[in-house]
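Asks: Protein chains in written order, with this note's numbering: chain F, 5 to 338; chain W, 5 to 338.
There are 2 protein chains.
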Amino acid sequence: MKLQQLRYLRAIARHQFNISKASQSLCVSQSAISKQIQLFEHELGLELFKRKGKQIIGMTTVGETILLKAEQALENVNDIQLLAEDKTHRRQSLSIATTHTQARYVLPNIVGRFVKQFPDVSLHIHQGNPIQVAAMLEHGDVDIAIATEALSDASAILAMPCYQWSRSVIVPNGHALSQLNTLSIAELIRYPIITYVQGFTGRYKIDEAFQQYDINPDIVLTAVDADVIKTYVRLGLGVGIIADMAVNPEQDKDLDVLSAKALFGVSTSHIAIKKDKYIKSYVFQFIELFAPHLRLSVVEQALLLSDSHSLSKLFSQFSIPFFQREGGEESNKV
Amino acid sequence: MKLQQLRYLRAIARHQFNISKASQSLCVSQSAISKQIQLFEHELGLELFKRKGKQIIGMTTVGETILLKAEQALENVNDIQLLAEDKTHRRQSLSIATTHTQARYVLPNIVGRFVKQFPDVSLHIHQGNPIQVAAMLEHGDVDIAIATEALSDASAILAMPCYQWSRSVIVPNGHALSQLNTLSIAELIRYPIITYVQGFTGRYKIDEAFQQYDINPDIVLTAVDADVIKTYVRLGLGVGIIADMAVNPEQDKDLDVLSAKALFGVSTSHIAIKKDKYIKSYVFQFIELFAPHLRLSVVEQALLLSDSHSLSKLFSQFSIPFFQREGGEESNKV
DNA sequence: CGAAGTTACGGATGCCGTAATGATG
DNA sequence: CATCATTACGGCATCCGTAACTTCG
């Protein structure tokens, strides 16, 4: 049995049982994988894959079990490499999986400070929807995941609250809504609404608020991207509901910004790591930079706790800070 | 990185950092190991072993961490092989680590029934002192460990109670002690005592009983082996205290056997498996054969529990049976 | 000087890639 | 006929063993 064979097995499973795709992802020929899998199956004396002629259509039950063990073994092996790279300071890299909102409005400031502090660490930001972000973390493809939506209920993932935020309603300057003393749901729904796509940036909180009053708002347009929302608000297509973080006082002078905290409540964004993966030293540094209350000692404590109950107890000791923009110029750098 | 390199690393650590010993245990040349370790260290870019000139005298701290990960990886790999062998019914083997008392007096009957039921499974009984038995199980060298003493407090080990037993005092026929109505500690210590070596076969229970009365018995001889004890009792050197299981009514007709249950209480023997190791199907069968109350479903339940509290709660549902000899002829077969 | 580890070299094995061949829809 | 898996073959890397060398107690 070779580690390569385990890697090939995993790659095939991760590419819809398509050897060609798997071979491309590993930069080897199809034949190499095909042959090694055959050798592996022969050595074990059993079939790992269900075949229909020459086509692979799935895994056998033993195959599934063996895949699980193989993934664990590869994870341990990967940990050894990460550990060595961390200790020797070679090939230092930090991979972050996150959603658009974080990448565009929250991370720039943090990332700017991080690269100044760790100039030798190469940074990789993988953007995706919340489900993809969670998957990237679970697969061990990234060191850190940052998102507002549930990152994962898997016990192998540790998600920690890093900041709270609320929403703002944005309208063109001088819009009727700007004249009101207090914004209400009743007033809001008199206009077409532009906001996030479902599943993104706490959209469900907005839906909940409307449902509570049994109101069916006229949502004319949705986007994953606050910039897109702003653009259509500027065109007068409707009023926008976006996350606080996405409001840029300097660039958005042509828009009136009304806090909608009272209407939609607050959301909490989380930063998550994979518990059983080796955690590089500067991952802890990044976390502390991002959320100062998540000091090394706190994260280490959290890593030892397994049940969600004692975890939330741990974090309830801290007041999770609200998001706040730090210096307009800084935030657009990098 | 190669699996071999991890195996070599582990072997060196398990042989007091002696490459020559490690190479012998793996049936390869010293140079093979020496070179692979060097290549591995070079690939990682750090030293795994502390050296003094050419002598290896220990591991570095990173080395320790990497060894841990390597052992986990190898365990997963080993599981894959075990699983395949189990499913394909090739190279079926069951390794049991146990102490002398179990191997000599308890196991023969069980083993006899097991080999009848699984004629294709080759059986290996590794005998050792309780500490060695626990180590063999923790290293994954054996599938099952059976002993009375604490097998391990490690959470990776699941120890289950299988039967209870008490002690008997043995004396030559017609000895003064046989004439008594009830045996007491006070009567007992009037004679020299022959019993087990410390750390074996519940010896500590005997010591406890004497200490309770603040008595210093005259223990003239200790052995790991009840047969040895019997021999010296026959020679008239003293009275013997041995485990119930070791009494053979047929062969021991020249000895009078007096129950000492009231004096020394009862002990419970345990059967243990390594939780995260792959458990072959016939391991479950063996366990049930050995302790009928430990049915497959019970063991599976126990495997899911992590804390000792809920475990003891689970087992408190069953009345752990007392040991009883089953057919004198049977027990000496095999 | 003996025990233990490292270095040197030759042989065998094994892994991969290219290219041809065989299935499948 | 296009896609995908398997088979065939040659080149290159690598892993091992024997044996000589080095270092420490």
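Virtual Cβ for every residue (Gly too), placed ideally from N, Cα, C. Note that the structure is a prediction, hence the values are computed from the model and not measured.
Got a sec: which bits of the stretch 44–73 of chain F sit with their beta carbon under 7 Å from any beta carbon on chain W, in order along the chain?
Replies: Here the close residues are Leu48, Gly49, Leu50, Val66, Thr69, Ile70, Lys73.
Asks: Within the 7 Å Cβ cut-off, does lysine 284 (chain F) reach chain W?
Replies: It does not: the Cβ of lysine 284 (chain F) has no partner Cβ on chain W nearer than 7 Å.
Asks: Buried or exposed: phenylalanine 326 (chain W), going by 16 or more other Cβ atoms within 10 Å of its Cβ?
Replies: So phenylalanine 326 (chain W) counts as exposed.
Asks: Comparing alpha-carbon positions, which option in W:Leu308, W:Ala276, W:Ser312, W:Asn252 lies nearest valine 110 (chain W)?
Replies: Taking only the C-alpha atoms, the option nearest valine 110 (chain W) is W:Asn252.
Asks: Alanine 77 (chain W) CB to nearest chain F CB: under 7 Å?
Replies: Chain F, which has a Cβ nearer than 7 Å to the Cβ of alanine 77 (chain W), makes this yes.
Asks: In this structure, how does DSSP classify glycine 244 (chain F) when only helix, strand and coil are distinguished?
Replies: DSSP places glycine 244 (chain F) in strand when its eight states are reduced to three.
Asks: Compute the Euclidean distance between the alpha carbons of leucine 300 (chain F) and lysine 278 (chain F), then round it to the nearest angstrom.
Replies: Distance between the alpha carbons of leucine 300 (chain F) and lysine 278 (chain F): 15 Å.
Asks: Rounded to the nearest angstrom, what separates glutamine 8 (chain W) and asparagine 22 (chain W) at their Cα positions?
Replies: Their Cα atoms are separated by approximately 17 Å.
Asks: Give me the subset of the stretch 5–16 of chain F whose CB atoms are less than 9 Å from a CB atom of chain W, sorted by chain position.
Replies: Against chain W - using a Cβ distance shorter than 9 Å - the residues of the stretch 5–16 of chain F are Met5, Lys6, Leu7, Leu10.
Asks: Starting from the beta carbon of valine 81 (chain W), find every residue of chain F whose beta carbon is closer than 7 Å, and list them in chain order.
Replies: Result: Met5, Ala77.
Asks: Fully enclosed by the stretch 134–164 of chain W, which alpha helix (DSSP H) runs are 4 residues long or longer?
Replies: Whole alpha helix (DSSP H) segments, 4+ residues: 134–143.
Asks: Taking Cβ-Cβ distances below 9 Å as the criterion, which residues of the stretch 234–252 of chain W are in contact with chain F?
Replies: Hits within the stretch: zero.
Asks: Under the three-state reduction of DSSP, which class applies to histidine 19 (chain F): helix, strand or coil?
Replies: The answer is coil: DSSP assigns histidine 19 (chain F) none of H, G, I, E or B.
Asks: Between isoleucine 84 (chain W) and chain F, is any beta-carbon pair separated by less than 7 Å?
Replies: It does; some Cβ of chain F falls within 7 Å.
Asks: With a cut-off of 7 Å, does the C-beta of alanine 88 (chain W) fall near any C-beta of chain F?
Replies: With 7 Å as the cut-off, alanine 88 (chain W) counts as an interface residue toward chain F.
Asks: How is the alpha helix (DSSP H) around aspartate 260 (chain W) delimited, first residue to last?
Replies: Premise fails: aspartate 260 (chain W) lies in the beta strand (DSSP E), 259–263, not in any alpha helix (DSSP H).
Asks: Quick check: the stretch 112–125 of chain F against the stretch 69–88 of chain W, are there 3 or more CB pairs under 8 Å?
Replies: No, the stretch 112–125 of chain F is not in contact with the stretch 69–88 of chain W.
Asks: Specify, as a first and last residue, the run of the alpha helix (DSSP H) that histidine 313 (chain W) falls within.
Replies: 312–319 is the extent of the alpha helix (DSSP H) around histidine 313 (chain W).
Asks: I'd like the list of long-range same chain contacts for histidine 19 (chain F), defined as Cβ closer than 8 Å, with 5 residues on each side in sequence excluded.
Replies: So the list reads Lys25, Ala26, Ser29, once near-sequence residues are dropped.
Asks: So with Cβ pairs under 7 Å, would you call lysine 91 (chain F) a contact of chain W?
Replies: Lysine 91 (chain F) counts as touching chain W.
Asks: Closer than 9 Å, Cβ to Cβ, to anything on chain F: give me those residues from the stretch 15–39 of chain W, in chain order.
Replies: So nothing in the stretch comes that close.
Asks: Could you spell out the range, first to last residue, of the beta strand (DSSP E) harbouring valine 173 (chain F)?
Replies: Run containing valine 173 (chain F): 171–176, per the beta strand (DSSP E) assignment.
Asks: With distance defined between alpha-carbon atoms, name the residue in W:Arg171, W:Trp169, W:Arg194 nearest to leucine 181 (chain W).
Replies: For the residues W:Arg171, W:Trp169, W:Arg194, the minimum Cα distance to leucine 181 (chain W) belongs to W:Arg194.
Asks: Would you mind working out which of F:Ala190, F:Pro221, F:Met164, F:Phe290 sits nearest lysine 317 (chain F), comparing C-alpha positions?
Replies: Of F:Ala190, F:Pro221, F:Met164, F:Phe290, the residue nearest in Cα terms is F:Met164.
Asks: Whose C-beta lies closer than 6 Å to the C-beta of aspartate 124 (chain F) among residues of the same chain, with five residues either side of it excluded?
Replies: Once the five neighbours on either side are set aside, the close Cβ partners of aspartate 124 (chain F) are Gln96.
Asks: Name the two residues that bound the continuous beta strand (DSSP E) containing alanine 101 (chain F).
Replies: Looking at the DSSP string, the run of the beta strand (DSSP E) that includes alanine 101 (chain F) is 97–102.
Asks: Using a C-beta to C-beta distance shorter than 9 Å, which residues of chain F count as neighbours of arginine 94 (chain W)?
Replies: Those are Gly49, listed as they occur along chain F.
Asks: Determine the direct distance from the alpha carbon of leucine 298 (chain W) to that of tyrosine 208 (chain W), and round the result to whole angstroms.
Replies: Their backbone Cα atoms lie some 27 Å apart in a straight line.
Asks: Within the same chain, show all residues whose beta-carbon is closer than 7 Å to that of leucine 290 (chain F), passing over the 5 residues directly before and after it, in chain order.
Replies: One detail in the question is off: residue 290 (chain F) reads as phenylalanine in this sequence, not leucine. So the list reads Leu98, Phe118, Ile148, once near-sequence residues are dropped.
Asks: Helix or strand or just coil, what does DSSP make of serine 188 (chain W)?
Replies: Three-state result, serine 188 (chain W): coil.
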